[in-house]
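S.K.: Just so you know, the sequences run in chain order W and V. Mapped onto the numbering used here, the consecutive letters of the first sequence carry residue numbers 1 to 470. Mapped onto the numbering used here, the consecutive letters of the second sequence carry residue numbers 471 to 940. All C-beta atoms, glycine included, are put in the ideal place defined by N, C-alpha and C. Below is the structure I would like to discuss, written out as structure tokens.
There are 2 protein chains.
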Amino acid sequence: MRSSLESSLRQLKCHFTWNLMKGESSLEDFEDRVLNQCEFQSSDFRATVCNILAYLEHHRGQHEAALEHLRQAEDLIQQQHADHAELRSLVTWGNYAWVYYHMGQLSEAQLYLDKVKRVCEKFSSPYRIESPEMDCEEGWARLKCGGNQNERAKVCFEKALEKQPMNPEFSSGLAIATYRLDSRPPPQDPIDSLRRAIRLNPDNQFVKVLLALKLQKMNEESEAERLVEEALEKVPRETDVLRCAARFYRYKEALDQAIDLLKEASERMPPNAYLYCRIGCCYRAKVLQTLHRGEDRRYGKRARLPELIGQAVDYLKKADEANGNLYQICSFLAGLYSLAGRFEEAEYYFQKEFSKELTPAEKQMLHLRYGSFQLYEMKCEEKAIYHFTEGMKISQGGSKQREKIRTKLEKIAQARLYNNEADSVALHLLAFLQEMKSKEAWQNDADARRRLDAGKRIPSTSLAETENEK
Amino acid sequence: MRSSLESSLRQLKCHFTWNLMKGESSLEDFEDRVLNQCEFQSSDFRATVCNILAYLEHHRGQHEAALEHLRQAEDLIQQQHADHAELRSLVTWGNYAWVYYHMGQLSEAQLYLDKVKRVCEKFSSPYRIESPEMDCEEGWARLKCGGNQNERAKVCFEKALEKQPMNPEFSSGLAIATYRLDSRPPPQDPIDSLRRAIRLNPDNQFVKVLLALKLQKMNEESEAERLVEEALEKVPRETDVLRCAARFYRYKEALDQAIDLLKEASERMPPNAYLYCRIGCCYRAKVLQTLHRGEDRRYGKRARLPELIGQAVDYLKKADEANGNLYQICSFLAGLYSLAGRFEEAEYYFQKEFSKELTPAEKQMLHLRYGSFQLYEMKCEEKAIYHFTEGMKISQGGSKQREKIRTKLEKIAQARLYNNEADSVALHLLAFLQEMKSKEAWQNDADARRRLDAGKRIPSTSLAETENEK
Chain W
1 MRSSLESSLR
11 QLKCHFTWNL
21 MKGESSLEDF
31 EDRVLNQCEF
41 QSSDFRATVC
51 NILAYLEHHR
61 GQHEAALEHL
71 RQAEDLIQQQ
81 HADHAELRSL
91 VTWGNYAWVY
101 YHMGQLSEAQ
111 LYLDKVKRVC
121 EKFSSPYRIE
131 SPEMDCEEGW
141 ARLKCGGNQN
151 ERAKVCFEKA
161 LEKQPMNPEF
171 SSGLAIATYR
181 LDSRPPPQDP
191 IDSLRRAIRL
201 NPDNQFVKVL
211 LALKLQKMNE
221 ESEAERLVEE
231 ALEKVPRETD
241 VLRCAARFYR
251 YKEALDQAID
261 LLKEASERMP
271 PNAYLYCRIG
281 CCYRAKVLQT
291 LHRGEDRRYG
301 KRARLPELIG
311 QAVDYLKKAD
321 EANGNLYQIC
331 SFLAGLYSLA
341 GRFEEAEYYF
351 QKEFSKELTP
361 AEKQMLHLRY
371 GSFQLYEMKC
381 EEKAIYHFTE
391 GMKISQGGSK
401 QREKIRTKLE
411 KIAQARLYNN
421 EADSVALHLL
431 AFLQEMKSKE
441 AWQNDADARR
451 RLDAGKRIPS
461 TSLAETENEK
Chain V
471 MRSSLESSLR
481 QLKCHFTWNL
491 MKGESSLEDF
501 EDRVLNQCEF
511 QSSDFRATVC
521 NILAYLEHHR
531 GQHEAALEHL
541 RQAEDLIQQQ
551 HADHAELRSL
561 VTWGNYAWVY
571 YHMGQLSEAQ
581 LYLDKVKRVC
591 EKFSSPYRIE
601 SPEMDCEEGW
611 ARLKCGGNQN
621 ERAKVCFEKA
631 LEKQPMNPEF
641 SSGLAIATYR
651 LDSRPPPQDP
661 IDSLRRAIRL
671 NPDNQFVKVL
681 LALKLQKMNE
691 ESEAERLVEE
701 ALEKVPRETD
711 VLRCAARFYR
721 YKEALDQAID
731 LLKEASERMP
741 PNAYLYCRIG
751 CCYRAKVLQT
761 LHRGEDRRYG
771 KRARLPELIG
781 QAVDYLKKAD
791 EANGNLYQIC
801 SFLAGLYSLA
811 GRFEEAEYYF
821 QKEFSKELTP
831 AEKQMLHLRY
841 GSFQLYEMKC
851 EEKAIYHFTE
861 GMKISQGGSK
871 QREKIRTKLE
881 KIAQARLYNN
891 EADSVALHLL
901 AFLQEMKSKE
911 AWQNDADARR
921 RLDAGKRIPS
931 TSLAETENEK
């Protein structure tokens with residue numbers, strides 16, 4: 001019985017067969033994203049959220065809690081989709097069957113399978129089936145059409161491979177689709193689909209704010225602002241709308257408004273590291289604003305600086321305590337402490353950041369910052385040179401950061417040579433910078449050659465251009 | 471009968487219900503891409519190609535030809551998929567039903583519907599159905615998981631909308647998914663899936679060459695070259711492999727090898743504008759190579775120049791005659807004619823290129839080239855200034871091109887001022903360039919502000935950095 005049950009369970013469409021955790025490094029990361037990061041239209045889709053929570057509880061081994069979430073999902077579906085409740089419940093029932101199966105309650109599992117079966121019989125179409133072979137045929141057809149069909153083709157092969165992971169044909173289809181999407185990523189047009197969604201869902205404020213964010217990027221500030229104000233007026237307390245609206249004001253450098261909205265959202269949610277981090281970053285941005293203005297105009301606003309630094313530090317520390325993996329957070333704390341003249345704390349947070357797993361660009365940035373800290377605050381040129389040099393060696397970093405580091409090293413070398421024209425540290429530095437420069441030039445050359453594109457795009461150097469470049 | 475037939479037809483999974491021409495500007499463009507541009511594993515998937523050809527013939531109104539292609543597809547499926555022939559034939563039968571329906575042969579259409587129905591009954595799963603509601607549930611679950619699930623979520627909502635285009639919920643799901651993919655495009659990892667596909671399909675040479683192209687981009691030349699050589703040894707006459715392998719050699723600047731492979735492919739295919747264009751471009755690249763080498767070393771290789779120019783011109787003209795819309799082709803021809811001293815033909819092709827619909831970057835490049843042609847070959851500074859200025863005004867063009875144009879205009883101005891320090895043309899030019907510069911600076915500023923990202927990525931200016939920048 002167990003094995004026939006298992007094969008039936010595998011046919012269900014539900015969270016347990018959707019491979020939702022594919023590519024996740026850990027359950028914790030997955031949970032963190034689902035629960036804390038991804039904004040969502042909270043009020044509308046609570047049944048969806050309940051099903052995911054059930055799936056998460058199952059992975060934590062909390063079967064009873066999982067069942068409780070499924071019961072909530074069922075109730076919500078009855079309320080939200082009274083007219084399609086059976087169809088909408090299929091996913092939840094599928095999840096029930098899987099949870100009971102894992103609890104060893106096979107007859108309960110069978111019961112839910114039967115519920116699913118009855119509805120499928122009622123609604124199934126005699127002219128279409130789901131099968132990996134069909135997905136594969138569809139995938140090839142879409143691949144052959146190319147262009148904007150490659151995305152759909154990829155999903156067809158992914159689906160087919162979920163059923164038959166070792167199938168050679170499906171795997172080559174997926175490989176070709178992925179190759180094409182990597183070379184020619186499909187253009188997305190969110191504006192059109194957002195406008196359409198708003199037309200069809202005039203009361204959906206979340207989508208409205210998403211459109212506003214997109215319009216803001218395209219410099220259409222006034223329509224964007226109108227949309228955000230409208231959304232906040234209609235649902236002044238919906239956390240996802242508040243968070244997205246805050247993003248709008250932060251881009252706009254209206255930091256006080258952004259902070260107010262984020263605090264409002266934070267009061268209505270369980271403790272959330274990402275929110276704390278954003279609030280902290282807004283205060284940090286205010287610190288930077290004040291510094292720049294202060295430097296420009298030399299008037300009294302700097303008096304507020306210690307207070308602002310304190311607020312930024314408070315929120316960033318709260319965020320760091322809630323989630324130790326947030327990007328750059330320790331490095332920000334170090335910078336703020338350094339600014340407040342509290343160098344011990346600054347040192348502590350710099351070291352904490354160094355102990356994390358960082359991408360090359362992040363590591364480079366950190367060397368730049370810590371080198372500057374050593375040079376200007378700790379007056380230790382030796383350590384500064386060491387960290388600038390380490391940063392310079394990272395070739396996959398950002399070109400702007402590298403330029404900054406180069407300038408700093410050049411200045412150090414020049415100053416030393418001014419004092420002693422045979423200074424060996426300075427001469428070594430200059431030789432090192434020269435070596436880096438030729439490596440880069442070589443790399444740029446290779447990249448340029450590679451950029452000659454063989455598709456429809458053809459090398460863009462014009463003959464007339466090349467010949468006449470005198 | 472007709473309307474119940476139609477509703478059954480709509481349930482079929484086949485080319486007629488897959489919305490393959492979505493977003494196409496014309497049947498011609500679609501045909502051109504499917505038939506001429508998209509490389510494919512020609513030998514393996516002829517049934518797929520036959521089905522698409524049938525679909526194209528139907529759109530051209532050639533029903534008999536469409537049926538003929540479907541018959542070919544059926545035969546090929548019997549040969550290629552003897553063990554799954556029924557399942558694999560579902561798409562073809564679906565297409566038959568649609569073609570007969572459009573021909574008014576309703577009983578024939580019904581016959582194919584019945585064939586599909588019998589197989590679906592045999593293979594259908596009692597525990598899963600395809601319905602837009604299910605797609606929608608899956609879409610929300612994936613959206614809630616975020617990260618690499620957004621792509622699949624988008625496809626779920628697209629599928630659901632195909633069935634119910636005006637559904638508000640589906641449309642807001644699609645809008646959110648598109649918004650997210652636009653802001654955070656998913657990383658593709660073709661290397662892994664290509665290696666896996668090769669492992670599972672050791673005889674698939676096409677996928678091998680795709681992997682080689684990817685490796686080449688990552689500077690892993692030696693493994694890449696080995697793969698290409700292996701593929702060419704195993705299938706020295708397969709056109710798609712030849713075309714991709716040629717691309718590999720062209721990136722490598724082994725132009726003679728690339729040309730040989732492309733000519734080989736061209737002999738085995740119907741006339742193809744893209745192939746001619748690529749051959750022409752390879753000859754053009756050889757022209758450029760010879761020029762550079764000749765300039766460097768001043769020895770006799772330039773003698774071959776007229777011959778190479780002739781070959782480049784021949785192939786590019788053939789390509790232009792076969793398809794008048796290929797990118798840059800007229801501009802290349804103009805450059806080659808100019809180089810050969812045949813200015814009338816050069817002028818003709820420049821004007822032809824100007825008459826096309828060009829993107830801002832293309833238009834800018836063309837102004838740069840034509841301006842140079844006027845300046846250096848036709849000795850007409852006035853026209854050159856006009857075109858450089860027009861090119862300079864295009865703000866969405868490429869920054870490298872703009873720099874080139876700026877330098878040219880500056881040189882013209884300097885030369886004029888050297889002769890007459892009150893030269894009004896020169897003074898106007900300098901004022902114009904200054905104005906452009908401040909516009910750019912303003913734009914860069916605005917862009918930088920916008921790049922502050924509100925997601926997990928947080929503004930990357932370090933406090934220590936900002937404060938210590940002395």
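1. Return the Cβ separation of L803 (chain V) and L786 (chain V) in integer angstroms, given the expectation that the two are a contact with Cβ distance under 8 Å.
2. Any C-beta of chain V sitting closer than 7 Å to the C-beta of C244 (chain W)?
3. Taking its Cβ as the centre, do 16 or more other Cβ atoms sit within 10 Å of N420 (chain W), making it buried, or is it exposed?
4. Verify the CB distance criterion: does M604 (chain V) have a CB-CB separation below 7 Å to chain W?
5. Using only CA atoms, which one of W:N148, W:N150, W:A175 and W:E39 lies nearest to L161 (chain W)?
6. Can you tell me which of the three DSSP states Y315 (chain W) falls into?
7. Output yes if chain V places a C-beta closer than 7 Å to the C-beta of T389 (chain W); else output no.
8. Please list, in chain order, all residues of the same chain as M471 (chain V) whose beta carbon is under 6 Å from its beta carbon, the five residues on each side excluded.
9. Does any C-beta atom of chain W lie closer than 7 Å to the C-beta of R763 (chain V)?
10. For Q658 (chain V) versus T290 (chain W), is the C-beta spacing smaller than 7 Å?
11. By a C-beta neighbour count over all protein chains shown, 10 Å radius and 16 as the cutoff for buried, is S842 (chain V) buried or exposed?
12. How is the alpha helix (DSSP H) around G324 (chain W) delimited, first residue to last?
13. Quick one: what's got a C-beta closer than 6 Å to D525 (chain V)'s C-beta in the same chain, skipping five residues either side?
14. Please look up how many angstroms separate the CB atoms of H533 (chain V) and M491 (chain V), rounded, as I've assumed it's under 8 Å.
15. Does the distance from the CB of S120 (chain W) to the CB of P596 (chain V) come in under 7 Å?
16. Can you list, in chain order, the residues of its chain with a C-beta nearer than 7 Å to that of C277 (chain W)? Leave out the 5 residues immediately preceding and following it.
17. Inspect the CB distances between the region 408-423 of chain W and the region 372-392 of chain W and report whether three or more fall short of 8 Å.
18. Rounded to whole angstroms, what's the CA-CA distance from G867 (chain V) to M835 (chain V)? Just pull it up for me.
19. Give the range of the alpha helix (DSSP H) segment to which S692 (chain V) is assigned.
20. Applying a beta-carbon distance threshold of less than 9 Å, which residues of chain V neighbour K22 (chain W)?
21. Which chain W residues are close to M636 (chain V), counting only those with a beta carbon under 8 Å from its beta carbon?
22. Applying a beta-carbon distance threshold of less than 8 Å, which residues of chain W neighbour H554 (chain V)?
23. Let me confirm a value: D203 (chain W) is counted as buried when at least 16 other C-beta atoms fall within 10 Å, else exposed. Which label applies?
24. Tell me the rounded alpha-carbon separation between D766 (chain V) and V757 (chain V).
25. So with CB distances below 7 Å, who are the chain W contacts of P830 (chain V)?
26. For V99 (chain W), decide whether its Cβ has a neighbour in chain V, counting only Cβ atoms nearer than 7 Å.
27. Given that L215 (chain W) touches chain V, what residues does it touch there, using C-beta distances under 9 Å?
28. For G391 (chain W), is the classification buried or exposed, using 16 other Cβ atoms within 10 angstroms of its Cβ as the cut-off for buried?
29. Take the Cβ of T407 (chain W) as the centre, count every other Cβ of all protein chains shown within 10 Å, and call the residue buried at 16 or more, exposed below.
30. At a Cβ threshold of 7 Å, is S124 (chain W) touching chain V?
31. Indicate whether the contact test is met: 3 or more Cβ pairs, each with one atom in the region 570-586 of chain V and one in the region 604-619 of chain V, closer than 8 Å.
32. Can you tell me where the alpha helix (DSSP H) with G146 (chain W) in it begins and where it stops?
33. Is the beta carbon of E600 (chain V) sitting closer than 7 Å to the one on E130 (chain W)?
34. Considering just the uninterrupted stretch of the alpha helix (DSSP H) at C50 (chain W), what are its terminal residues?
35. Nearest chain V C-beta to N468 (chain W) closer than 7 Å, yes or no?
36. Mark Q575 (chain V) as exposed unless 16 or more other C-beta atoms lie within 10 angstroms of its C-beta, in which case mark it buried.
M.R.: Once the coordinates are examined:
1. Indeed they touch by this definition, with Cβ atoms about 5 Å apart.
2. Not closer than 7 Å to any Cβ of chain V, the Cβ of C244 (chain W) fails to qualify, so no.
3. Exposed, since its Cβ has fewer than 16 Cβ neighbours within 10 Å.
4. Taking CB atoms only, M604 (chain V) has a neighbour in chain W less than 7 Å away.
5. Among W:N148, W:N150, W:A175 and W:E39, the Cα nearest to that of L161 (chain W) is on W:A175.
6. In this structure, Y315 (chain W) counts as helix in the three-state DSSP scheme.
7. The beta carbon of T389 (chain W) does not come within 7 Å of any beta carbon belonging to chain V, so the residue lies off that interface.
8. Excluding positions up to five away in sequence, the list is empty.
9. R763 (chain V) does not count as touching chain W.
10. One thing to note: Q658 (chain V) has its Cβ no nearer than 7 Å to the Cβ of T290 (chain W).
11. Buried is the call here.
12. In the DSSP assignment, G324 (chain W) falls outside any alpha helix (DSSP H), carrying neither H nor E.
13. Sequence check: residue 525 (chain V) is Tyr here, not Asp. Excluding residues up to 5 positions away in sequence, H485 lie with their Cβ nearer than 6 Å to the Cβ of Y525 (chain V) in the same chain.
14. Incorrect: roughly 18 Å between the Cβ atoms, too far for contact.
15. Reading off the sequence, residue 120 (chain W) comes out as Cys, not Ser. In this structure, C120 (chain W) places its C-beta atom within 7 Å of the C-beta atom of P596 (chain V).
16. Excluding its 5 nearest sequence neighbours in each direction, C277 (chain W) has C-beta neighbours in its own chain below 7 Å: L316, A319, L326 and I329, listed in chain order.
17. They touch, by the three-pair rule.
18. So the two alpha carbons sit approximately 8 Å from each other.
19. In the DSSP assignment, S692 (chain V) falls within the alpha helix (DSSP H) that extends over E691 to K704.
20. Per Cβ cutoff of 9 Å: N618 and Q619.
21. Annotation: Cβ neighbours of M636 (chain V) in chain W (cutoff 8 Å, chain order): L200.
22. Residues of chain W with a Cβ closer than 8 Å to the Cβ of H554 (chain V) are, in chain order, E133.
23. If you draw a 10 Å sphere on the C-beta of D203 (chain W), you find fewer than 16 other C-beta atoms in it, and that means exposed.
24. For D766 (chain V), the pLDDT reaches just 47, beneath the cut-off of 50, and the residue's location in the model is therefore unreliable, leaving the point undetermined.
25. For P830 (chain V), there are no C-beta contacts with chain W under 7 Å, since the nearest C-beta of that chain is about 14 Å from it.
26. Judged by the 7 Å Cβ criterion, V99 (chain W) is not in contact with chain V.
27. Near L215 (chain W) there are no residues of chain V at all, since even the closest Cβ is about 12 Å away, more than 9 Å.
28. Burial call: buried.
29. It counts as exposed.
30. It does; some Cβ of chain V falls within 7 Å.
31. Contact between the region 570-586 of chain V and the region 604-619 of chain V is absent: fewer than 3 CB-CB pairs across the two stretches fall below 8 Å.
32. If you look at G146 (chain W), you'll find it isn't in any alpha helix (DSSP H); DSSP assigns it neither H nor E.
33. Cβ atoms of E600 (chain V) and E130 (chain W): closer than 7 Å.
34. Its alpha helix (DSSP H) spans residues R46 to H59.
35. In this prediction, N468 (chain W) scores a pLDDT of 35, lower than 50, which makes its location untrustworthy; the coordinate-derived value is nonetheless stated afterwards. Output row for N468 (chain W): interface = yes.
36. Exposed, because fewer than 16 other Cβ atoms sit within 10 Å of the Cβ of Q575 (chain V).
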